[in-house]
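*Asks:* Would you mind keeping the following structure in view while I ask a few things?
Residue numbers (this note's numbering): 255 to 567.
Printed below as a string of structure tokens:
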């Protein structure tokens, strides 16, 4: 009976994708601060994997989970060298898949990095990572987005509060909350170098935004997001209810967080750079449709399809 119910739920999940359960980029307010989440948070408790029952429960409650020591020191050093080599490539500057700091030409992010680097591609297939993701999402997954982030000492800018799912739903066409972000820190994260901040429990509330999506919004939003961000009033209410947490720790830690968890970061005020590898895993049955709040989808270096193979960069 359990298997029958599971198959029914998965079929219903696919059918429900035809509806827009998370309207956003609206012309006028809906009169509510946020909408209730319609999708289960943890769907794969029946699957084997590295995560314990306690860890799954913590993720379900908070919308994120920090796992120290996911990579050992040798692995961290190898991935850090790979990151440095990518950031040093002049032929990657001024490319669509490259984002520089707003006030300089220093590379802030490289997208589609698992297509740029065989080493990072292999990491996306690491069983201890993929099986952890499947335990939460409950089905087969693919990489919806990948990137490396670098926040230089003293100069690395912050990023405003936002839910990734709001953007992926509105501008990429992600139907449901069936994705998880996996951020592996390659430098020590402390309170002064701009660690990621998250609002625990915020994954249960979808906040619709007001205003039409500008054409080619990604060209500016990757440096400073203005469309699709929640109002200060709604944010204040959400944070008053749930607080803010900033997981910190040694290089090699893994942060898993739900696609709808509200998060942001401060500027790096310390001399210590902050860098991480960032993969977004999405359920295969949650692949992109037509955008729900934009005229056209963003380029494929930002939103991959299942089984996509990268063209010549």
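Yeah, the Cβ is synthetic: ideal placement off N, Cα and C, and Gly gets one too.
Three-state secondary structure (DSSP) at residue 345?
*Replies:* Counting from 1 along the chain shown, the entry for residue 345 is found at position 91. Residue 345: helix per DSSP, three-state reduction.
*Asks:* Please list, in chain order, all residues of the same chain as residue 488 whose beta carbon is under 8 Å from its beta carbon, the five residues on each side excluded.
*Replies:* Within the chain shown, residue 488 is the residue found at index 234, counting from 1. The residues are 287, 288, 461.
*Asks:* Can you tell me whether residue 259 is helix, strand or coil according to DSSP?
*Replies:* Against the chain shown, residue 259 aligns to sequence position 5. With a pLDDT of 44 at residue 259, under the threshold of 50, the modelled position of this residue cannot be trusted; read the value that follows with caution. Of the three classes helix, strand and coil, the one that applies to residue 259 here is helix, per DSSP.
*Asks:* For the structure I just gave you, are there three or more beta carbon pairs, one from the stretch 417-436 and one from the stretch 449-463, closer than 8 Å?
*Replies:* Contact between the stretch 417-436 and the stretch 449-463 is present, because at least three Cβ pairs lie under 8 Å.
*Asks:* Between the alpha carbons of residue 312 and residue 422, how many angstroms are there, rounded?
*Replies:* Taking the first residue of the chain shown as position 1, residue 312 is located at position 58. Taking the first residue of the chain shown as position 1, residue 422 is located at position 168. Using only the alpha carbons, I get a separation of about 25 Å.
*Asks:* What residues match up with residue 299 in a beta bridge as DSSP calls it?
*Replies:* To locate residue 299, count along the chain shown from 1; it is residue 45. In the DSSP output, where bridge partners are listed per residue, residue 299 has none listed.
*Asks:* When DSSP builds the beta bridges, which residues end up paired with residue 528?
*Replies:* Along the chain shown, one-based indexing puts residue 528 at 274. Answer is 405.
*Asks:* At which residue ranges does the stretch 452-531 contain complete alpha helix (DSSP H) runs of 4 or more residues, listed in the order of the chain?
*Replies:* 472-475, 486-496, all fully within the stretch 452-531.
*Asks:* Nearest to residue 401 by CA position, among 361, 319, 393, is which residue?
*Replies:* Locating residue 401 in the chain shown gives position 147, counting from the first residue. Here the closest residue by C-alpha is 361.
*Asks:* Can you find the residues in the same chain that come closer than 6 Å, C-beta to C-beta, to residue 378, ignoring five residues on each side of it along the sequence?
*Replies:* As a first step, residue 378 must be located in the chain shown, where it is residue number 124. Answer for residue 378: 368, 397, 533, listed in chain order.
*Asks:* Between which residues of its own chain and residue 471 is the CB-CB distance below 6 Å, once the five residues before and five after are set aside?
*Replies:* Taking the chain shown and counting its residues from 1, one reaches residue 471 at position 217. Answer for residue 471: 481, listed in chain order.
*Asks:* Count the CB pairs spanning the stretch 503-510 and the stretch 431-448 that are closer than 8 Å, and state whether there are at least three.
*Replies:* The stretch 503-510 vs the stretch 431-448: in contact.
*Asks:* Quick one: using the 10 Å Cβ neighbour count with 16 as the cut-off for buried, is residue 501 buried or exposed?
*Replies:* Within the chain shown, the letter at position 247 stands for residue 501. Under this definition residue 501 is a buried residue.
*Asks:* Are the CB atoms of residue 496 and residue 431 within a distance shorter than 9 Å?
*Replies:* Working through the chain shown from its first residue, we reach residue 431 at position 177. Working through the chain shown from its first residue, we reach residue 496 at position 242. No, the pair does not count as a contact, with Cβ atoms beyond the cut-off.
*Asks:* Would you identify the three-state DSSP class for residue 292, choosing helix, strand or coil?
*Replies:* Stepping through the chain shown from its first residue, residue 292 is reached at position 38. Looking at residue 292 - three-state DSSP - the assignment turns out to be coil, as it is neither helix nor strand.
*Asks:* Residue 323 and residue 454 - do their beta-carbons sit closer together than 9 Å?
*Replies:* Locating residue 454 in the chain shown gives position 200, counting from the first residue. Locating residue 323 in the chain shown gives position 69, counting from the first residue. No; because the gap between Cβ atoms is not below 9 Å, this pair is not in contact.
*Asks:* Once the 5 residues before and after residue 552 are set aside, which same chain residues still bring their CB inside 7 Å of it?
*Replies:* Within the chain shown, the letter at position 298 stands for residue 552. The answer, listed in chain order, is 425, 426, 472.
*Asks:* If I'm right that residue 406 touches residue 540 with Cβ under 8 Å, what's the distance once you round it to whole angstroms?
*Replies:* The residue given as residue 406 occupies position 152 in the chain shown. The residue given as residue 540 occupies position 286 in the chain shown. Not confirmed; about 35 Å, so no contact.
*Asks:* Excluding five sequence neighbours on each side, which residues of the same chain lie with their C-beta closer than 6 Å to the C-beta of residue 351?
*Replies:* Reading the chain shown from its first residue, position 97 is the one you call residue 351. So the list reads 365, 366, 555, once near-sequence residues are dropped.
*Asks:* I'd like the span of the beta strand (DSSP E) that includes residue 385, first residue to last.
*Replies:* The residue you call residue 385 lines up with position 131 of the chain shown. Not the beta strand (DSSP E): residue 385 falls in the alpha helix (DSSP H), residues 381-391.
*Asks:* Quick one: measure Cβ to Cβ for residue 412 and residue 520, integer angstroms, because I've assumed they're closer than 8 Å.
*Replies:* If you number the chain shown from 1, residue 412 lands on position 158. If you number the chain shown from 1, residue 520 lands on position 266. Indeed, because the Cβ distance is near 5 Å, the residues count as touching under 8 Å.
*Asks:* Taking the alpha carbon of residue 373 as the reference point, which residue from 343, 403, 329, 451 has its own alpha carbon closest?
*Replies:* Translated into the one-based positions of the chain shown, residue 373 becomes position 119. Closest by alpha carbon: 329.
*Asks:* What's the call for residue 542, buried or exposed, on a 16-neighbour Cβ count within 10 Å?
*Replies:* To locate residue 542, count along the chain shown from 1; it is residue 288. Result: buried.
*Asks:* Where in the stretch 404-443 do unbroken runs of the beta strand (DSSP E), each at least 3 residues long, occur, reported from the N-terminal end onward?
*Replies:* Entirely contained in the stretch 404-443, the beta strand (DSSP E) runs reaching 3 residues are, in chain order, 413-416, 433-439.
*Asks:* Which of helix, strand or coil does DSSP assign to residue 536?
*Replies:* Against the chain shown, residue 536 aligns to sequence position 282. Residue 536 falls in the strand class under three-state DSSP.
*Asks:* From the DSSP output, in three-state form, read off residue 562 for me.
*Replies:* Counting from one through the chain shown, the residue named residue 562 turns up at place 308. Note: residue 562 maps to coil in three-state DSSP.
*Asks:* Between residue 315 and residue 345, what straight-line distance do the alpha-carbon atoms span, to the nearest angstrom?
*Replies:* As a working mapping, residue 315 is identified with position 61 in the chain shown. As a working mapping, residue 345 is identified with position 91 in the chain shown. Approximately 44 Å, taken between the alpha carbons.
*Asks:* Using the Cβ count rule (16 or more neighbours within 10 Å means buried), how would you classify residue 255?
*Replies:* For the purposes of this step, residue 255 is taken as residue 1 along the chain shown, with counting starting at 1. Low confidence applies to residue 255: its pLDDT is 43, below 50, so where it sits in the model is not reliable, and the reading given next is rough at best. By the 10 Å Cβ count, residue 255 comes out exposed.
*Asks:* Buried or exposed: where does residue 292 fall if 16 or more other Cβ atoms within 10 Å of its Cβ makes it buried?
*Replies:* Walking along the chain shown from the start, residue 292 turns up at place 38. Flag for residue 292 reads exposed.
*Asks:* Using 10 angstroms around the beta-carbon of residue 449, count the other beta-carbons present and answer buried if the total reaches 16, otherwise exposed.
*Replies:* Within the chain shown, the letter at position 195 stands for residue 449. The residue is buried, with at least 16 neighbouring Cβ atoms inside 10 Å.
*Asks:* Quick one: Cα of residue 510 to Cα of residue 381, how far?
*Replies:* If you number the chain shown from 1, residue 510 lands on position 256. If you number the chain shown from 1, residue 381 lands on position 127. Going by the C-alpha atoms only, they are around 15 Å apart.
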